[in-house]
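Trainee: Counting along the sequence shown from 1, when you hit position 424 you're at 428 in the numbering used here, and nothing is skipped either side.
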Amino acid sequence: MAVTDPKPRVSLEQITALAKRRGFIFASSEIYGGIGGFFDYGPLGAILKRNVKDAWWREMVELRDDVVAFDSSIIMHPSTWVASGHVGQFVDKLVDCTNCKHRFRLDHLASREQCPDCGMRGTLTEPRNFNLMMQTSVGPLEDSAARTYLRPETAQGIFVNFKNIYQSARKRPPFGVAQIGKSFRNEITPGNLTFRVREFEQAELEFFVPDDGNDVAWYERWVEARKRWYSQYGVTPERLRFYELKPAERPHYAKAGIDVEYLFPWGWGELESIAHRGTYDLDAHMALSGKDLTFFDEASKTKYTPLLIESSAGMDRTTLTMLIDAYADEVVRDAESGKETRRTVLRFHPKIAPVQVGVFPLARNKPELVAFARRLESSLRPHLRSQYDEGNVGQLYRRQDEIGTPFCVMVDYQSLGDDTVTVRDRDTMRQDRVNVEGLQSYLAARV
Ligand code: ATP
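#1: Bridge partners of Asp44, per DSSP?
#2: Tell me whether Trp272 sits in a helix, a strand or coil according to DSSP, three-state version.
#3: Would you kindly check if the distance between the Cβ of Leu197 and the Cβ of Ile39 is under 8 Å?
#4: Return the residue from the list Pro241, Met64, Ala330, His353 that minimises the CA-CA distance to Arg13.
#5: Return helix, strand or coil for Phe376, following the three-state DSSP convention.
#6: Report the rounded CA-to-CA distance for Ser15 versus Leu22, giving the unit in angstroms.
#7: Spatial neighbours of Thr127 within its chain, please: C-beta separation below 7 Å, excluding the five flanking residues on both sides.
#8: Cα separation between Thr8 and Thr432?
#9: Considering only heavy atoms of the ligand ATP, does any lie closer than 7 Å to the CB of Ser148?
#10: What is the residue span of the alpha helix (DSSP H) that Leu312 lies within?
#11: Roughly how many angstroms separate the alpha carbons of Val438 and Pro386, rounded to a whole number?
#12: Closest to Trp85 by C-alpha separation, out of Arg337, Leu292, Ser316, Arg68, would be which residue?
#13: Closer than 7 Å: is that where the CB of Pro156 sits relative to any heavy atom of the ligand FAD?
#14: Taking Trp270 and Ile184 to be in contact with their CB atoms under 8 Å, please state how far apart those CB atoms are, rounded to whole angstroms.
#15: Can you tell me the Cβ-Cβ gap for Met326 and Ile278, rounded? I've got them flagged as a contact below 8 Å.
#16: Report whether the distance from the Cβ of Val201 to the nearest heavy atom of the ligand ATP is below 7 Å.
#17: DSSP on Lys231, reduced to helix/strand/coil?
#18: So is Met5 buried or exposed if we call it buried at 16+ other beta carbons inside 10 Å?
#19: For Thr8, name the three-state secondary structure that DSSP assigns.
#20: Contact defined as beta carbons within less than 8 Å: I believe Val363 pairs with Leu388. What is the distance between those atoms, to the nearest angstrom?
#21: Let's test the definition: count the other Cβ atoms within 10 Å of the Cβ of Pro371 and tell me whether it reaches 16, buried, or not, exposed.
#22: Report whether the distance from the Cβ of Gln206 to the nearest heavy atom of the ligand ATP is below 7 Å.
#23: I need the DSSP call for Gln139, collapsed to helix, strand or coil.
#24: Would Phe74 pass as a contact of Gly49 if the rule is Cβ separation under 8 Å?
#25: What's the C-alpha gap between Val451 and Val359?
#26: Would you list the one or two residues that DSSP bridges to Asp333?
#27: Once DSSP output is grouped into helix, strand and coil, what is the label at Leu297?
#28: Quick one: what does DSSP say Leu267 is sitting in, helix, strand or coil?
#29: Just reading off the alpha helix (DSSP H) that Val451 is part of, what are its end residues?
#30: Excluding the 5 residues flanking Ser33 on each side, which residues of the same chain have their C-beta closer than 6 Å to its C-beta?
#31: For Gln18, report the span of its alpha helix (DSSP H) as first-last.
#32: Compare the Cα-Cα distances from Pro410 to each of Glu394, Gly421, Gln435 and report the closest residue.
#33: May I have the straight-line CA-CA distance separating Asn190 from Phe108, to the nearest angstrom?
#34: On the criterion of 16 or more Cβ atoms from any shown chain inside 10 Å, does Met124 qualify as buried, or is it exposed?
#35: May I ask you to check if the CB of Glu277 is nearer than 7 Å to at least one heavy atom of the ligand ATP?
#36: Whose CA, out of Pro47, Asn55, Asp147, Lys305, lies closest to the CA of Phe352?
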């Protein structure tokens, strides 16, 4: 469907309400009043997020012979974060309002004259440095020697293991290492549902290439690969942009960088960054640890530090994007009666839809229909994400539309006689009569 208006069709309030009502996203520890910057994924949200991560993993690891898997610990030796620069530089400048006590990031303030929340003038403090890393202590003593951090990104686990990985996996550059895992940042101003949170999941690819003149081509290849990934899962092209960072906007060691951004209801926001980082990360760990993380090329008996192309995507932001981008509120006309009704529908790509097929009996008080529908649903279950439901027909369709189920199967009286069922397509609302015997392959071909 062509989108003429690139503005999202849904407000933050609408998506937050739907996410809660249908079990996608809840505020963490809500019964105690919640805790800022933390969220839980409900029964459908947990599946949606898992599907998004699986889609990334399938593309970035399973379908490639030049990327290996990795899973590092959340807490690492504290020196890791000294070498990476996070202890010294991972800071935001923050400003407090002495009147309303609200806290702001300096780079989010339009002016330092007046508090944007309470409107008082001259109440904002001088900026202070605030390190975004969350601290914890390891072991029974809470002294400074035991102080460690929850990782603010997953990448460092890959860098410090570079040698272990290439030696054990028998890989030589160009090759990559991929990881999905939790990261933590003590964000000053969390907000916009799961867009900016303090605990989130990142999917990172660290791709090591030789310094043979093909590094920029590799970087461009990864940018294209990531473009294909978003388009494959149907993200509206007009709401997605690949913003090329200008030299002043990227770190001094980076040769190139792109931010992948989505047009959220509150404006453009970053989903992923793709960067050519040179040898910066491996060099930093070699310098501090004194250990050799170069690649030794057996063939030429030479060693070198590979260049790095990184893709770092946020899985919570991507999941939120899928939810927002799928949303439509529309008027639909019944083909037979001509009656018009409004519906809210999530047009998830069938591969990531939490439920792929809903199965219902036409009447819940007819045991033969119920038994038929239940049997049918359990026969589909090993092959598709299916769900049995029963009740008022209109409500059943409305509920499945609202959770983004691409197909609904209705068992009616005719089914009992000829073993056929009606399959309704979420998007076209067309209904096909399909033989039960061929149902699984009919659906498999469409999801
Ligand atoms: P921002 O500028 O929005 O704070 P960033 O540039 O610091 O993000 P990176 O360090 O490049 O982010 O992290 C890579 C990805 O991790 C981001 O593109 C985003 O998808 C995700 N991410 C980073 N911080 C958060 C957060 N607080 N909440 C949710 N996702 C995050």
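We put the beta carbon where it would ideally sit given N, CA and C, even for glycine.
Mentor: This is what the structure holds:
#1: Phe30
#2: strand
#3: no
#4: Ala330
#5: helix
#6: 11 Å
#7: Cys101, Thr102, Asn103, Cys119
#8: At Thr8, the pLDDT of 44 sits below 50, so the modelled position is not reliable; the number obtained from the coordinates is stated separately. Roughly 20 Å between the two C-alpha positions.
#9: no
#10: That residue, Leu312, is in no alpha helix (DSSP H); its beta strand (DSSP E) goes 311-318.
#11: 20 Å
#12: Leu292
#13: In the structure shown, the ligand FAD is absent; the only ligands present are the ligand ATP.
#14: Actually they are not in contact, since the Cβ atoms of Trp270 and Ile184 sit about 26 Å apart, beyond 8 Å.
#15: The Cβ separation is near 19 Å, so there is no contact.
#16: yes
#17: helix
#18: At Met5, the pLDDT of 38 sits below 50, so the modelled position is not reliable; the number obtained from the coordinates is stated separately. By the 10 Å Cβ count, Met5 comes out exposed.
#19: Reliability of the predicted coordinates at Thr8 is poor, the pLDDT of 44 falling under 50, and the value obtained from them is presented with this limitation in mind. Three-state DSSP puts Thr8 in coil, outside helix and strand.
#20: About 10 Å; that fails the 8 Å criterion.
#21: exposed
#22: yes
#23: strand
#24: no
#25: 11 Å
#26: Thr348
#27: coil
#28: strand
#29: First-last for Val451: undefined, no H or E at that position.
#30: Ile39
#31: 16-25
#32: Gln435
#33: 13 Å
#34: exposed
#35: Per the sequence shown, the amino acid found at residue 277 is Ser instead of Glu. Result yes, Cβ under 7 Å from the ligand ATP.
#36: Asn55
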